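> If you want the working numbering, it's the position in the sequence shown, counting the first as 1, plus 8. We treat Cβ as the ideally placed atom computed from N, Cα and C, and that holds for glycine. Please read all numbers here as calculations on a predicted model, not as lab measurements. Dropping a structure here in structure tokens format, bear with me for questions.
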Amino acid sequence: MLEDGRLNVLVATSIAEKGLDIPSIDHVIFYEPIPSEICYIQRRGENGEKSPGKVTILAANESLDMIYLYASRKRTGKMKRIAETISVNLQPVVRKRTKPTQLNVPPAMRVLDGWDVT
């Protein structure tokens, strides 16, 4: 119903921020801030991610909500500044995985896995 426009309001708990992807959403309103900068970033990015939208986080003045919101925004800004200083020339990590052979499997494991110890 949300996809075809017949319904334009969705009320959900925070579980909805973990995986709902409804492209037609253009405004998401959260009624509680959270103290985690990671969740703050995820909330802003995962809801309506196919198109630019607006995110509003409600917080009552002079409450713990404002402290959470301020802390999340401050930490997010710090993360962005740190990320900007990281070199764009990072090399990918390549891990070589070897197949187990009698040469690289410890003797105790050979017995457990049915390897011939001799």
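(1) Taking the beta strand (DSSP E) that I23 belongs to, which residues open and close that run?
(2) Identify the continuous alpha helix (DSSP H) that holds K7 and give its terminal residues.
(3) Report buried or exposed for V102, applying the criterion of at least 16 other Cβ atoms within 10 angstroms of its Cβ.
(4) Strictly by DSSP, which residues pair up with V36?
If we stick to the structure as given:
(1) Residue 23 sits at position 15 when you count from the first residue of the sequence shown. Premise fails: I23 is in no beta strand (DSSP E) and is neither H nor E.
(2) There is no way to answer for residue 7, as the model of the chain reaches only from 9 to 126.
(3) Here residue 102 refers to the residue found at position 94 when the sequence shown is read from its first residue. With fewer than 16 Cβ atoms within 10 Å of its Cβ, V102 is classed as exposed.
(4) By one-based count along the sequence shown, residue 36 stands at place 28. V36 pairs with V63.
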